[in-house]
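Trainee:
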Amino acid sequence: MTAVTEDGGTQGGAAQDGAARYGDDPWHRSYAALDDEHDYTVDEIDGRLPEGLTGTLYRNGPGRWQVGETLLDHIFDGDGMVSLFSFAGGAIRYRNRYVRTRHYRYGQRHGRVGLRGLGTRRPGGALANALRPPANVANTGVVLHGGHLLALWEGGRPFRLDPDSLETLGEHSFGGRLTALSAFSAHPSRCPDTGELFNFGMDLTRPRGLRRYRVDTGGRLHRLPRVPLPYTPWNHDFALTRRHMVFVINPVIPKAGRILLGAGSIVEALAHEPHRPTCFVVAPRYGGRARVVEHEPLLGFHLVNAFEDGPDTVVEFVRFRDWESAIRPFSEFRTSDFPWGCALVRYRIGANGRVTGEEVCALPLELPHADVRRAGRPHRHTYFAGRTPNGVGVHHLDHATGRRRVHELPPGHGFGEPVLVPRAPDAAEGDGWLLALAYDPEEHRSRLLVLDARDVEAEPLAVAHLRHHIPMGFHGSFTERVAHPPR
Numbered sequence: 004m005t006a007v008t009e010d011g012g013t014q015g016g017a018a019q020d021g022a023a024r025y026g027d028d029p030w031h032r033s034y035a036a037l038d039d040e041h042d043y044t045v046d047e048i049d050g051r052l053p054e055g056l057t058g059t060l061y062r063n064g065p066g067r068w069q070v071g072e073t074l075l076d077h078i079f080d081g082d083g084m085v086s087l088f089s090f091a092g093g094a095i096r097y098r099n100r101y102v103r104t105r106h107y108r109y110g111q112r113h114g115r116v117g118l119r120g121l122g123t124r125r126p127g128g129a130l131a132n133a134l135r136p137p138a139n140v141a142n143t144g145v146v147l148h149g150g151h152l153l154a155l156w157e158g159g160r161p162f163r164l165d166p167d168s169l170e171t172l173g174e175h176s177f178g179g180r181l182t183a184l185s186a187f188s189a190h191p192s193r194c195p196d197t198g199e200l201f202n203f204g205m206d207l208t209r210p211r212g213l214r215r216y217r218v219d220t221g222g223r224l225h226r227l228p229r230v231p232l233p234y235t236p237w238n239h240d241f242a243l244t245r246r247h248m249v250f251v252i253n254p255v256i257p258k259a260g261r262i263l264l265g266a267g268s269i270v271e272a273l274a275h276e277p278h279r280p281t282c283f284v285v286a287p288r289y290g291g292r293a294r295v296v297e298h299e300p301l302l303g304f305h306l307v308n309a310f311e312d313g314p315d316t317v318v319e320f321v322r323f324r325d326w327e328s329a330i331r332p333f334s335e336f337r338t339s340d341f342p343w344g345c346a347l348v349r350y351r352i353g354a355n356g357r358v359t360g361e362e363v364c365a366l367p368l369e370l371p372h373a374d375v376r377r378a379g380r381p382h383r384h385t386y387f388a389g390r391t392p393n394g395v396g397v398h399h400l401d402h403a404t405g406r407r408r409v410h411e412l413p414p415g416h417g418f419g420e421p422v423l424v425p426r427a428p429d430a431a432e433g434d435g436w437l438l439a440l441a442y443d444p445e446e447h448r449s450r451l452l453v454l455d456a457r458d459v460e461a462e463p464l465a466v467a468h469l470r471h472h473i474p475m476g477f478h479g480s481f482t483e484r485v486a487h488p489p490r
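If you're matching positions, the sequence shown starts at 4 in my numbering and goes up one per residue.
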């Protein structure tokens with residue numbers, strides 16, 4: 004069972020993860036389970052926290068990849084665990100809680116796998132998995148909007164959490180407007196002008212299309228016109244311009260028959276079909292006919308930003324070299340290298356239907372981030388995790404100069420997605436702090452780095468050392484609201 008520890012409590016570890024076998028790289032041990040739920044003020048901080056750094060960093064990712072004695076077979080199947088770092092008065096309060104999904108509760112109660120995952124099958128073969136959707140593990144993204152803290156997973160509805168305690172309040176249907184079979188992606192995008200949140204969902208009940216949503220500042224969901232496509236895709240992300248939602252649709256097709264019949268895992272039923280085109284979709288934000296421009300096949304899952312440039316639309320994303328290098332590491336995550344993309348690219352979708360692309364950084368990289376205040380506008384700075392000659396680091400690419408700088412981590416250390424916090428609401432783009440989690444395999448602990456976004460090569464302004472590790476996670480977001488976890 005999960006143990007809740009308070010200030011001065013015990014450290015979570017890999018006790019239930021003992022059957023796992025990790026690769027040669029020390030950072031693989033960051034995949035060990037964190038079974039305990041913590042709540043404490045961080046008492047080991049090197050340097051000094053910036054005076055203006057006030058608010059809350061929320062992060063989401065799997066906290067464990069094991070149920071009872073069974074190791075889960077895919078990185079996306081782990082139980083979602085949300086962490087908060089609350090910054091106020093020069094101090095940091097840390098708290099983590101598992102999202103009480105059906106998958107989590109079943110595993111806690113029975114000590115075994117009882118639900119189908121994306122890459123993990125229920126025991127019992129095809130008969131035990133047929134006609135069963137994958138379990139919503141709420142493990143991918145997290146966003147605070149309209150007073151609701153939402154833990155996100157791209158195949159289903161979000162789970163609502165208390166923004167202070169992280170207590171699970173249940174699946175969130177937006178007042179019944181998001182049905183049980185609807186999906187609300189883990190990559191929403193907020194308009195910096197209106198404060199509205201835009202998102203999409205894969206629509207496997209009606210083939211060849213995407214559902215789209217707008218959530219107003221009060222938290223009410225509005226359905227937008229569905230986008231018709233030439234095939235039924237699996238899609239992970241999108242970008243928002245001032246007038247459009249922009250999608251890069253890869254020719255990755257979920258084979259519905261195999262999924263419904265339980266023949267193999269759901270991930271195994273995803274087929275890359277390079278004879279089909281990649282579709283660049285430019286869909287008006289508030290309705291109207293979407294433009295679908297076909298292009299030679301590409302693979303790109305995480306989009307950085309998109310913007311209008313005259314009559315054209317420009318979109319920046321991480322491109323992968325091939326399907327095998329993109330998908331295999333997710334199933335072999337305990338021993339494989341991280342699934343790095345091969346380049347950061349920008350593609351221009353012309354008003355005449357012509358698509359042209361360029362590499363802006365040829366480097367193994369992933370988890371890109373830009374100043375969210377620049378969503379839908381041309382941006383100068385992109386931040387990401389990427390390879391270095393000796394390991395990994397947090398990179399900053401200045402598009403105006405072409406210069407790339409890196410904060411390199413020691414060999415064998417792990418990393419997380421960098422998140423930019425502006426120094427002030429009206430600060431210039433890039434003037435602020437980068438928050439990034441790093442993993443120390445020698446101490447089996449994580450630390451939060453606070454970097455000057457203008458000079459990432461410099462020593463961190465502050466390093467907050469946690470009492471435990473946080474397993475390799477996915478995505479996070481920062482809000483100016485200060486969380487006040489209960490004592």
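We put the CB at the ideal spot given by N, CA and C, even for glycine.
Roughly how many angstroms separate the alpha carbons of A365 and E319, rounded to a whole number?
Mentor: C-alpha separation (whole angstroms): 13 angstroms.
Trainee: Using the Cα positions of N63 and H447, report the straight-line distance between them to the nearest angstrom.
Mentor: Distance between the alpha carbons of N63 and H447: 19 angstroms.
Trainee: In chain order, which beta strand (DSSP E) runs of at least 3 residues are fully inside the stretch 372 to 429?
Mentor: With a minimum length of 3 residues, the continuous beta strand (DSSP E) runs that stay inside the stretch 372 to 429 are 384 to 391, 394 to 401, 407 to 411, 422 to 425.
Trainee: Hey, would you say L227 sits closer than 8 angstroms to G290, going by beta carbons?
Mentor: A contact, by the Cβ cut-off of 8 angstroms.
Trainee: With a CB to CB cut of under 8 angstroms and the five nearest residues on each side skipped, what residues in its chain are close to G173?
Mentor: Closer than 8 angstroms at Cβ, skipping near neighbours: F162, R163.
Trainee: For the 8 angstroms Cβ check, are there 3 or more pairs between the stretch 365 to 380 and the stretch 232 to 248?
Mentor: In short, these stretches touch, since the Cβ pair count reaches three.
Trainee: Does the Cβ-Cβ distance between V230 and A186 come in under 8 angstroms?
Mentor: Not closer than 8 angstroms, so no.
Trainee: Taking the continuous beta strand (DSSP E) assigned at L452, which residues delimit it?
Mentor: Taken as a continuous stretch (DSSP letters only), the beta strand (DSSP E) holding L452 covers 448 to 455.
Trainee: Considering only their Cβ atoms, is the gap separating F88 from T57 smaller than 8 angstroms?
Mentor: In this structure, F88 does not lie closer than 8 angstroms to T57 by Cβ.
Trainee: Can you tell me the Cα-Cα spacing of T73 and N393, whole angstroms?
Mentor: Using only the alpha carbons, I get a separation of about 34 angstroms.
Trainee: Determine the closest residue to H402 out of G415, R390, T385, V395, with distance taken between C-alpha atoms.
Mentor: Measuring from the Cα of H402, the nearest candidate turns out to be T385.
Trainee: Classify P29 as helix, strand or coil using the three-state DSSP reduction.
Mentor: Note: P29 maps to helix in three-state DSSP.
Trainee: Does V270 come out as helix, strand or coil in the three-state DSSP assignment?
Mentor: V270 falls in the helix class under three-state DSSP.
Trainee: Check for me: the alpha helix (DSSP H) holding V327 runs from which residue to which?
Mentor: Contrary to the premise, residue 327 reads as Glu rather than Val in this sequence. That run of the alpha helix (DSSP H) goes 326 to 334.
Trainee: Please return the same chain residues whose Cβ sits closer than 6 angstroms to the Cβ of G265, not counting the five positions on each side in sequence.
Mentor: Correct list, in chain order: A129, N132, A133.
Trainee: Alpha helix (DSSP H) containing I262: first to last residue?
Mentor: Run containing I262: 259 to 264, per the alpha helix (DSSP H) assignment.
Trainee: In whole angstroms, what separates the C-alpha of W237 from that of E54?
Mentor: Rounded to whole angstroms, W237 to E54 spans 43 angstroms at the Cα level.
Trainee: Return the residue from the list D27, V45, S86, R51 that minimises the CA-CA distance to E170.
Mentor: That would be S86, whose Cα lies nearest to the Cα of E170.
Trainee: Can you name, in chain order, every residue of its own chain whose Cβ lies under 8 angstroms from the Cβ of T75, other than the five neighbours on each side?
Mentor: Here residue 75 is Leu; the residue named in the question, Thr, does not match the sequence. Same-chain partners within the cutoff: W68, Q69, G81, V116, G120, G122, T123.
Trainee: Could you pull out every residue in the same chain whose Cβ sits closer than 8 angstroms to the Cβ of W436, ignoring the five residues on either side in sequence?
Mentor: P53, L56, L423, V424, R426, V453, L454, D455, A456, L464, listed in sequence order.
Trainee: So for L130, helix, strand or coil by DSSP?
Mentor: It is helical.
Trainee: Might you give, ordered along the chain, the residues of its own chain that have their beta carbon closer than 6 angstroms to the beta carbon of D49, omitting 5 neighbours on each side?
Mentor: Excluding sequence neighbours, D49 sits near V466.
Trainee: Measuring CB to CB, does G419 end up less than 8 angstroms from L440?
Mentor: Yes, these two residues count as a Cβ contact at 8 angstroms.
Trainee: Any contact of the stretch 344 to 361 with the stretch 302 to 315, i.e. 3+ C-beta pairs under 8 angstroms?
Mentor: Yes: the two stretches touch, three or more of their Cβ pairs being nearer than 8 angstroms.
Trainee: Could you check which residue in V285, R98, E297, E299 has the C-alpha nearest to that of D315?
Mentor: Measuring from the Cα of D315, the nearest candidate turns out to be V285.
Trainee: Please name the residue in E462, H398, E199 whose C-alpha comes closest to that of V146.
Mentor: Here the closest residue by C-alpha is E199.
Trainee: Are the beta-carbon atoms of A183 and H472 separated by less than 8 angstroms?
Mentor: Against a cut-off of 8 angstroms, the Cβ pair of H472 and A183 comes out as no contact.
Trainee: So the alpha helix (DSSP H) H472 belongs to, where does it begin and stop?
Mentor: No alpha helix (DSSP H) contains H472, which DSSP labels as neither H nor E.
Trainee: Would you call the CB atoms of H416 and V397 closer than 8 angstroms?
Mentor: Contact: no.
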